[in-house]
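Numbering (the working numbering), first residue to last: 11 to 149.
The C-beta atom is built at its ideal place from N, Cα and C for all residues, glycine as well.
Accompanying notes for the structure given below.
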């Protein structure tokens, strides 16, 4: 008798997305889901920080200019809780000062809106360390 052991498929990487603009949030969520990521999206930093599972994320994608906390403060709050993953800051206007500040605070990438889909998905893939291979899309 032959016995085959089938391992559970690897979990889809979790991406935390924070953006107060519902249209941007939805389009980025759909894009990343179509690339096989499990996206947890939040309309505010407060909602994100209230989620007990936020530290499980493989990557953070956050808008810069938001009501409660800006994107840099969002990353700072996660770092204070021990999260060590890579982060992408998104802004409608990427001034040299913002780029410098974001790099100093530990953002791996800064992207200007409107986002180029291919660039965002490839950057996420590279940052979470899967060698550029995209995970299998979620159903």
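Where residue 27 sits in the DSSP three-state scheme: strand
Every unbroken alpha helix (DSSP H) within the segment 111-143, with a cutoff of 4 residues, ordered by chain: 127-137
Through-space distance from residue 31 to residue 95, alpha-carbon basis: 24 Å
Residue 97 Cβ short of 8 Å to the ligand FMN heavy atom set: Among the ligands in the structure shown, none appear at all, so the ligand FMN cannot be discussed.
Residue range of the unbroken beta strand (DSSP E) whose run includes residue 50: 48-52
Continuous beta strand (DSSP E) stretch holding residue 99: start and end: 97-101
Buried or exposed by the 16-neighbour rule on C-beta atoms within 10 Å, applied to residue 23: buried
Buried or exposed by the 16-neighbour rule on C-beta atoms within 10 Å, applied to residue 36: exposed
Exposure label - residue 72; buried when at least 16 CB within 10 Å: buried
Straight-line Cα distance separating residue 119 from residue 113: 8 Å
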